[in-house]
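> I have a structure I would like to understand better, so I am pasting it below and will then ask my questions one at a time.
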Amino acid sequence: MAGPSFCRPIPEAIHSMNLELDCPNGGHFYVCQGNTTQFLGCCTEDPCADGTGDCPQAALRNASYSSADYDSIPEQACVASSLWYTCAATNPPFMGCCEANPCQDGGCFGANLTAARLSDNVTDASPFMTSEASSGGSRSALSTGAIVGIAVGSALAALGIGIVLFMLYQRPWDSKSNVARRDAYVVYAESISRLP
6 MAGPSFCRPI
16 PEAIHSMNLE
26 LDCPNGGHFY
36 VCQGNTTQFL
46 GCCTEDPCAD
56 GTGDCPQAAL
66 RNASYSSADY
76 DSIPEQACVA
86 SSLWYTCAAT
96 NPPFMGCCEA
106 NPCQDGGCFG
116 ANLTAARLSD
126 NVTDASPFMT
136 SEASSGGSRS
146 ALSTGAIVGI
156 AVGSALAALG
166 IGIVLFMLYQ
176 RPWDSKSNVA
186 RRDAYVVYAE
196 SISRLP
């Protein structure tokens, strides 16, 4: 993957907004943030994998959302010369780029469906972007809580291993069996030293 692309099926940022994005005709919902083309929508192939953000026409699928979130989805951009539509009244609701009006036609079908991309307006694109990228910050692979959890878990694991090793390799010099063995060895050593 090239650059700081935030490409994965349905980012956590979108889940936190409860947009309930869906791909009713298959594929996964992708946001190829940071790719050459910042693809947004459903695709049966990973358009973000090579850093281009290109979803082939044959792999494009309709994107849907919860119609209750109609007002929360700002207009995005289209890769081709088609228009962006958000249709709450279609079944299922439609979101994406189409060469014919999907709100009047009951959806976008076949070759009329074209690829969508994030808007050039950061405010409009922000519902689909991770917060780090929309604010220009860098992306952390792990949250602070996860890092603390890993550190505490590692420390406890090391302590547990240390206790087990201590118990396994501890030499109980004062136990009765060791005293008896030591005394028997001393008697044996003395008897050998007396031999001619």
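Those letters in the sequence shown? Residues 6 to 201, by my numbering.
By construction, the Cβ of each residue, glycine as well, lies at the ideal position given by its N, Cα and C atoms.
Indicate the three-state DSSP secondary structure (helix, strand or coil) for F133 in the structure shown.
helix
> Note down the Cα distance separating C92 from A151, rounded to an integer number of angstroms.
As the crow flies, the alpha-carbon of C92 is around 39 Å from that of A151.
> Assign T57 to one of three DSSP states: helix, strand, or coil.
coil
> Where does L24 sit, in a helix, a strand or coil, going by DSSP?
Coil at L24, not helix or strand.
> With distances taken between CB atoms, is the gap from D27 to S69 smaller than 7 Å?
yes
> Could you check whether the region 103-121 touches the region 70-80, counting it as contact only if at least three pairs of C-beta atoms, one from each stretch, sit closer than 8 Å?
no
> Within 10 Å of its beta-carbon, does A63 have 16 or more other beta-carbons around it, so buried, or fewer, so exposed?
exposed
> Below 7 Å between beta carbons: does that hold for F34 and C47?
yes
> Is A82 near the ligand GDP, with its Cβ less than 6 Å from a heavy atom?
Summarising the ligand content, the structure contains no ligands, and the ligand GDP is consequently not present.
> Determine the DSSP secondary structure at F171, reduced to helix, strand or coil.
helix
> In chain order, what residues of the same chain lie with their CB nearer than 7 Å to the CB of S87, ignoring the 5 residues before and after it?
C102, C103, E104 and T119
> Measuring only between beta-carbons, confirm whether Q175 sits less than 7 Å from chain C.
Going by chain labels, chain C is absent from the structure shown, which holds only one protein chain.
> Roughly how many whole angstroms lie between the Cα atoms of F171 and A163?
Cα to Cα, F171 sits roughly 12 Å from A163.
> Buried or exposed: P61, going by 16 or more other Cβ atoms within 10 Å of its Cβ?
Result: exposed.
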